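Q: Residue numbers (our numbering): 43 to 173. All C-beta atoms, glycine included, are put in the ideal place defined by N, C-alpha and C. Remember, predicted model here, so these are calculated numbers, not experimental data. Mind looking over this structure? Questions follow.
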Amino acid sequence: MTPDEINRLAAEKVLVWAYVVASTPPSGGFSFNTWLRPDSTACYPLPDFYHDIAAAWLLIEKLSERFHWRIDSPFDVGDPWLAGVTPLGISGWNGRPDFRASGPTFPAAITLAALKAMGIDVEANDGPSSG
Numbered sequence: 043m044t045p046d047e048i049n050r051l052a053a054e055k056v057l058v059w060a061y062v063v064a065s066t067p068p069s070g071g072f073s074f075n076t077w078l079r080p081d082s083t084a085c086y087p088l089p090d091f092y093h094d095i096a097a098a099w100l101l102i103e104k105l106s107e108r109f110h111w112r113i114d115s116p117f118d119v120g121d122p123w124l125a126g127v128t129p130l131g132i133s134g135w136n137g138r139p140d141f142r143a144s145g146p147t148f149p150a151a152i153t154l155a156a157l158k159a160m161g162i163d164v165e166a167n168d169g170p171s172s173g
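Below, the structure written as structure tokens:
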């Protein structure tokens, strides 16, 4: 799955944003496509959760309402970042997350772990993002 596809899934499944396509009315005017947040505010363009730490932090904040986070930096050069979550209030928390993912960067690992917590396990094709 491409980073753009992963970003769209994160917006829909983690943040519960909706993609809105508005067509041009017959009487004229303009059309637009945008992401709509639950509070009805628009967001365009879609943030690049997979590559941008500021965008990925939105996923951390959203899931922190329901999950513990654990994030590990690479042990050695070339090793992946690791991120994972476990539901809050689970007894027996041993520091090993229930939903784990690795990625080439911190934001990538966060995004993949957030999707796993929502029951979506994807493999990234780390091609370029269209932004």
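Quick one: Cα of D121 to Cα of P146, how far?
A: Spanning the two alpha carbons is a distance of roughly 8 Å.
Q: For A150, count neighbouring C-beta atoms within 10 Å of its own C-beta (all shown protein chains included) and say buried if the count is 16 or more, exposed if not.
A: buried
Q: Just tell me which of K158, I132, G137 has its CA closest to the CA of S144.
A: K158
Q: Which residues does DSSP list as the beta-bridge partners of N49?
A: Answer by DSSP bridge pairing: none, since N49 is not bridged.
Q: From G173 to E47, what does the alpha carbon distance come to, in whole angstroms?
A: With a pLDDT of 48 at G173, under the threshold of 50, the predicted position of this residue should be treated as unreliable, and no value is reported.
Q: Can you give the beta carbon distance from Y92 to P129, rounded, assuming they're within the 8 Å contact cut?
A: Not a contact, Cβ separation roughly 24 Å.
Q: Going along the chain, which unbroken runs of the alpha helix (DSSP H) with 4 or more residues stay wholly within the region 133-164?
A: 148-159
Q: Where D94 and D163 are concerned, what is the direct C-alpha to C-alpha distance, given to the nearest angstrom?
A: Distance between the alpha carbons of D94 and D163 is about 20 Å.
Q: My assumption, with CB atoms under 8 Å, is that R112 sits in contact with G126. Please give the rounded CB distance.
A: 5 Å
Q: Quick check: I152 and A98, are their CB atoms within less than 8 Å of each other?
A: It is a contact, given that the beta carbons lie within the stated cut-off.
Q: What does the Cβ neighbour count give for V63, buried or exposed, with the cut at 16 atoms within 10 Å?
A: Counting every other CB atom within 10 Å of its CB across the protein chains shown gives V63 a total below 16, marking it as exposed.
Q: Would you give the residue range spanned by the beta strand (DSSP E) that A60 belongs to?
A: Its beta strand (DSSP E) spans residues 60-64.
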